[in-house]
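Asker:
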Amino acid sequence: MNQSSASGNSAAGQANNAGYAGDVDATEAWEALQGTPGAALVDVRTKAEWTFVGVPDLSEAGKEPVLVEWQQYPSMALNPGFLEAVAASVPDKSAPIYFLCRSGARSRAAAIALTEAGYQACFNISDGFEGPHDANRHRGAADGWKARGLPWVQG
Numbered sequence: 000m001n002q003s004s005a006s007g008n009s010a011a012g013q014a015n016n017a018g019y020a021g022d023v024d025a026t027e028a029w030e031a032l033q034g035t036p037g038a039a040l041v042d043v044r045t046k047a048e049w050t051f052v053g054v055p056d057l058s059e060a061g062k063e064p065v066l067v068e069w070q071q072y073p074s075m076a077l078n079p080g081f082l083e084a085v086a087a088s089v090p091d092k093s094a095p096i097y098f099l100c101r102s103g104a105r106s107r108a109a110a111i112a113l114t115e116a117g118y119q120a121c122f123n124i125s126d127g128f129e130g131p132h133d134a135n136r137h138r139g140a141a142d143g144w145k146a147r148g149l150p151w152v153q154g
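Numbering of the sequence shown is given in numbering that gives the first Met the number 0, commencing with residue 0 and proceeding in unit increments.
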C-alpha cells in the first residue's frame, strides 16, 4: 500500500503505474485532510449509501465531504456529470483529493478518471467507508473509515 504525507504526495510504489496518485488507508486520508488546507474528500457512493450508511464527518478538519455519485442508484449507470460536479467543488487541479466509496473499487475508478482529466493528486482510500466483509460477512467492523473509529454521521 502506498503512503501519503500530509501534503498529499504519495510514496513510490504501485501509484507509478496505476493511473492515479495511489492508495491510502482511511487513517492516512483523515490525517492528510486535517493537515493539508486544500485537501478534499470526495465520497463517490450513492445517495442511498450516504443516507442509510452514513458519511465522514470532516468538521474537526474544518471541511465537508464532497458528495458526488460515481454511479447513480438504482441503475448504477455512470454519472455523466461526475467530472463537472467534482470540478465545481474542487477547482484546484493540484489539490490532493481523497476518493471514498464502500470498499475501494468505485473510488479507485474515480481517482483514475480525475487524474485523466488533469488532476495531479488523486488518491483512493483503499479500505473505503465500510471495508471488507468480516468473518460473518458483515461490513463496517473489519476495516475502513467506520471500523477505524474515524468521525462519521448517519443521515
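Note that beta-carbon positions come from the ideal geometry of N, C-alpha and C, so glycine has one too.
1) Helix, strand or coil, according to DSSP, for PHE128 in the structure here?
2) Distance check for THR45 and VAL176, CA to CA, integer angstroms please.
3) Using only the alpha-carbon positions, how far apart do ALA39 and ALA134 sit?
4) For GLY21, name the three-state secondary structure that DSSP assigns.
5) Considering just the uninterrupted stretch of the beta strand (DSSP E) at LEU113, what are its terminal residues?
6) Cα separation between LYS145 and ALA116?
7) What is the rounded straight-line gap between the Cα of THR114 and the Cα of GLN153?
8) Rounding to the nearest angstrom, what Cα-Cα distance links LEU77 and VAL89 in this structure?
9) Skipping 5 residues on each side, what residues in its chain have a beta carbon closer than 8 Å to that of GLY103?
10) Please classify ALA120: does DSSP put it in a helix, a strand, or coil?
Answerer: With the structure as the only source:
1) As a position in the sequence shown, residue 128 is number 129, starting the count at 1. Residue state, collapsed to three classes: coil.
2) Because the chain spans 0 through 154 in this model, residue 176 falls outside it and cannot be assessed.
3) On the sequence shown, position 40 is the one that residue 39 refers to. On the sequence shown, position 135 is the one that residue 134 refers to. Using only the alpha carbons, I get a separation of about 33 Å.
4) Mapped onto the sequence shown, residue 21 falls at position 22. DSSP places GLY21 in strand when its eight states are reduced to three.
5) Here residue 113 corresponds to residue number 114 of the sequence shown, with the count starting at 1. Unbroken run through LEU113 is the alpha helix (DSSP H), 104-115; no beta strand (DSSP E).
6) For the purposes of this step, residue 145 is taken as the residue at position 146 of the sequence shown. For the purposes of this step, residue 116 is taken as the residue at position 117 of the sequence shown. Separation of LYS145 and ALA116 (C-alpha to C-alpha, rounded to the nearest whole angstrom) is 30 Å.
7) Indexing the sequence shown from 1 puts residue 114 at position 115. Indexing the sequence shown from 1 puts residue 153 at position 154. Straight-line Cα distance between these residues: approximately 30 Å.
8) Here the question's residue 77 lines up with position 78 in the sequence shown. Here the question's residue 89 lines up with position 90 in the sequence shown. Linking LEU77 to VAL89 through their CA atoms gives a straight-line distance of about 20 Å.
9) Here residue 103 corresponds to residue number 104 of the sequence shown, with the count starting at 1. Taken in chain order, the residues that qualify are ASP22, ASN123, ILE124, SER125, ASP126, GLY127.
10) Position 121 of the sequence shown, counting from 1, holds the residue named residue 120. Looking at ALA120 - three-state DSSP - the assignment turns out to be coil, as it is neither helix nor strand.
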